[in-house]
Amino acid sequence: MPRKATSPPSGATTDAADQARPRGPESGSARQRVQMADIARMAGVSASTVSRALSGSPLIPEATRQRITELARSLNYQINVGAANLRKRDTRTVGVVLLGESLQAISDPFILSILGAVGDRLDELDMSLLLSRLKHGQPQQLAQRYDSGQVLGLIVIGQTGWHDELNRLAARGVPMAVWGACLSDALYPVVGGDNEQGGYLAASHLIRRGCQRIAFFGDREHPEVALRHQGYQRALAEAGLTADAALYLPYRFGDEGIRATVDAWLDGQPEFDAVFAASDVAAMATTAALGDRELRVPQQVKVVGYDDIALAGHLRPSLSSVRQPAREAGRALVDLLMEAADGSKHRTVMLPAVLVERESSR
């Protein structure tokens with residue numbers, strides 16, 4: 001004979017946003033608690049989407065809301081509204097995850113700019129961030145950052161090698177926003193610069209300055225860099241120039257050995273009159289290496305970087321660079337995440353590329 005259910009002790013609480021009490025006859029299977037995660041898994045959505053659907057949120061499409069409601073009803077799932085509201089108030093934290101092949105350093109100037117802008121926007125919303133980094137080969141840990149229940153959603157910086165996993169999480173309905181390349185098959189919200197146009201602007205500028213042998217420094221396996229390289233190639237083709245494989249130097253963002261990489265390339269004595277580097281840090285390392293070889297910038301070699309970090313205008317010579325508006329990017333990442341958390345359809349924000357001409361390419 002089944003035991004009669006008893007009320008919890010005075011002062012105790014139950015989290016019925018995650019648990020359900022079956023109604024009706026108490027058979028052995030009916031007495032098992034159904035969790036919101038179970039409904040989310042069966043419906044193919046996130047737990048937050050289930051919560052919003054069951055609370056009648058108009059942000060969830062009617063068809064999805066009805067499907068989830070009917071599924072919950074068939075399982076005798078009942079929400080403890082008080083516990084659900086308490087949980088929503090408590091989730092004021094966003095998970096910010098830095099990804100990358102070489103574990104790009106948080107101290108990278110551009111990454112710091114993005115993080116600062118994200119933090120400022122979250123502060124305006126009375127929210128906080130939880131920062132972490134993940135190595136390759138740990139895709140399950142990205143999902144765990146959200147499934148732990150500690151964060152409202154994820155802001156992800158970096159795509160290389162993670163695109164498929166990001167798509168899988170998006171298909172689950174995990175609220176997120178990603179900084180990176182605006183890829184056509186992305187199922188997740190993306191904020192990124194117009195990388196192809198940025199590469200085109202940099203190379204076109206150097207060609208107008210009379211350069212004919214323009215080296216490209218960057219890893220074409222990286223989605224953003226691949227687009228910058230495409231723009232570089234488009235500019236060369238329009239000018240009747242051919243990209244020379246000898247003028248391509250691969251390096252990864254965050255590579256602490258970038259100076260040694262540039263030095264080794266220069267030791268091969270390539271013929272070039274300009275360098276377009278896929279980051280300002282690489283451009284700065286290049287300028288220093290050229291100076292040590294008494295190659296003057298810009299008189300003998302012109303240099304253009306990418307990101308336009310704050311330091312670029314204070315160098316000597318000051319560095320020409322393609323600007324990525326970090327403040328706008330950080331705000332857009334937070335806003336897209338909030339939209340995703342509310343169940344809105346994902347969208348892409350592509351920020352314009354602007355070339356800032358300074359002494360290094362004049």
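In UniProt numbering, the protein residues as written are 1 to 362.
Quick reminder that beta carbons are idealized off the backbone N, C-alpha and C, glycines included.
Bounds of any alpha helix (DSSP H) do not take in R323; it lies within the beta strand (DSSP E) bounded by 320-323.
With fewer than 16 other beta carbons inside 10 angstroms of its own, Q144 counts as exposed. Between A239 and I207, the alpha-carbon positions lie close to 8 Å from each other. M284 sits in a helix when the DSSP states are folded into three classes. When the alpha-carbon of R234 is set against those of L266, A246, N195, D267, the nearest one is in N195.
The beta carbons of V191 and A340 sit no closer together than 8 Å.
In terms of Cα proximity to L290, the closest of R133, S360, D308, G313 is S360.
Within the same chain, D307, I309 come within 6 Å of F110 by CB-CB distance, once the 5 residues on both sides are set aside.
Scanning the region 229-296 for uninterrupted beta strand (DSSP E) segments of 3 residues or longer gives 274-277, listed from N- to C-terminal end.
A check of alpha carbon separations from R296 across G257, R362, Y251 identifies R362 as the nearest. Under the three-state reduction of DSSP output, I106 falls in the coil class, being neither helix nor strand. Burial check for A285: the Cβ neighbour count within 10 Å reaches 16 or more, so the residue is buried. In the three-state reduction of the DSSP assignment, S48 falls in the helix class. Straight-line spacing of the CA atoms in P298 and H205 works out to 13 Å.
Within the model, the alpha-carbon separation for V96 versus L129 is close to 6 Å.
Taking a C-beta distance under 8 Å as the contact criterion, L236 and P270 do not qualify as a contact pair. Looking at V174, L187, G153, A40, the one whose alpha-carbon comes closest to that of H163 is L187. Cβ contact annotation for R65 (same chain, cutoff 6 Å, sequence separation greater than five): A53, in chain order. In the structure shown, the three-state DSSP call for V191 is strand.
A direct Cα-to-Cα measurement between L112 and I106 gives close to 6 Å. The criterion of a C-beta distance shorter than 8 Å is satisfied by R213 and D273.
With respect to the C-alpha of G158, the residue from W265, A177, D342 having the closest C-alpha is A177. The beta carbon of A72 lies closer than 7 Å to those of I39, L54 in the same chain, with the five residues before and after it left out. Pairing F216 with F276 gives a Cβ-Cβ distance under 8 Å. If you draw a straight line from the Cα of W265 to the Cα of P189, it is about 38 Å long.
Taking the Cα of A329 as reference, the smallest distance to any Cα among P352, H346, G313, G343 is reached at P352. DSSP lists I155 as the beta-bridge partner residues of A177. Around the beta-carbon of Q150, fewer than 16 other beta-carbon atoms lie within 10 Å, marking it exposed.
Just so you know, the alpha carbons of R121 and G210 end up roughly 43 Å apart.
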